[in-house]
Amino acid sequence: MNNSGLQLFVQLMNLASGLVFIYCLYSVPSQIIRRLRLKRQGKAVSPMLLIIRKLFKYWFFTALILIPFSLVISYLALNEGGLSGSEIFVPLFTKVFVGNIGTTLLFGYVFMKAKKDSWSYSAIEEKISGPLKATA
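Note that the numbering used here has the sequence shown beginning at -3, numbered continuously upward.
Okay, here's the thing in structure tokens:
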């Protein structure tokens, strides 16, 4: 794979990570507010333990995909730069492996939200009773 193809992959991953980060900046607080509002109205909300379990599940799956993929791309880029194996190990571990832990958490959150209809108590109740009305 040539250097321009590698740079394209890296730029696409950075773009996707940036979009996911911006989405999570909006979505996480709005979901917390929505959850508190529904709970105060006496409607069904998913237990917090279920949400945390689902988040860890999707975090794990995205980490299994994203971290090895990022390690391979970074290894190829550093190897093309003429670095030896011992010089490559430290940046791969510190910047790619450890650095992608937070990124995979955000991607896991997005995938969890995408599959919310299949496990969320409030989403299941919404299907049964109709859409939730917005209250001011």
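Note that the Cβ used here is the ideal one computed from N, Cα and C, for glycine as well.
Since the model is a prediction, treat every value here as computed from it, not as a measurement.
Residue i, buried or exposed, once every other Cβ within 10 Å from all chains shown has been counted against 16
| i | result |
| --- | --- |
| Lys91 | exposed |
| Lys111 | exposed |
| Ala132 | Reliability of the predicted coordinates at Ala132 is poor, the pLDDT of 41 falling under 50, and the value obtained from them is presented with this limitation in mind. The residue in question, Ala132, is exposed, as its Cβ has fewer than 16 Cβ neighbours within 10 Å. |
| Ser66 | buried |
| Met44 | exposed |
| Asn96 | buried |
Contact set for residue i: own chain, Cβ-Cβ below 6 angstroms, skip 5 residues either direction
| i | result |
| --- | --- |
| Ser116 | Ser42 |
| Ala130 | Unreliable placement is indicated for Ala130, whose pLDDT of 47 sits below 50; the coordinate value is still reported in the next sentence. Contacts found: none. |
| Ser13 | Thr99 |
Close Cβ partners of residue i (< 7 angstroms) along its chain, the five nearest in sequence each way excluded
| i | result |
| --- | --- |
| Leu101 | Trp55 |
| Ile47 | none |
Of the listed residues the options, nearest to residue i (C-alpha basis)
| i | options | result |
| --- | --- | --- |
| Gly1 | Ser26, Leu72, Leu45 | Leu72 |
| Ala59 | Val94, Lys109, Gly81 | Val94 |
Cβ shell of residue i (< 8 angstroms), same chain only, five flanking positions each side left out
| i | result |
| --- | --- |
| Phe136 | An answer regarding residue 136 cannot be provided, because it is not within the stretch -3 to 132 covered by the chain. |
| Cys20 | Leu102, Tyr105, Val106 |
| Leu88 | Leu67, Ser70, Tyr71, Leu74 |
Opening and closing residue of the alpha helix (DSSP H) in which residue i lies
| i | result |
| --- | --- |
| Val68 | 44 to 76 |
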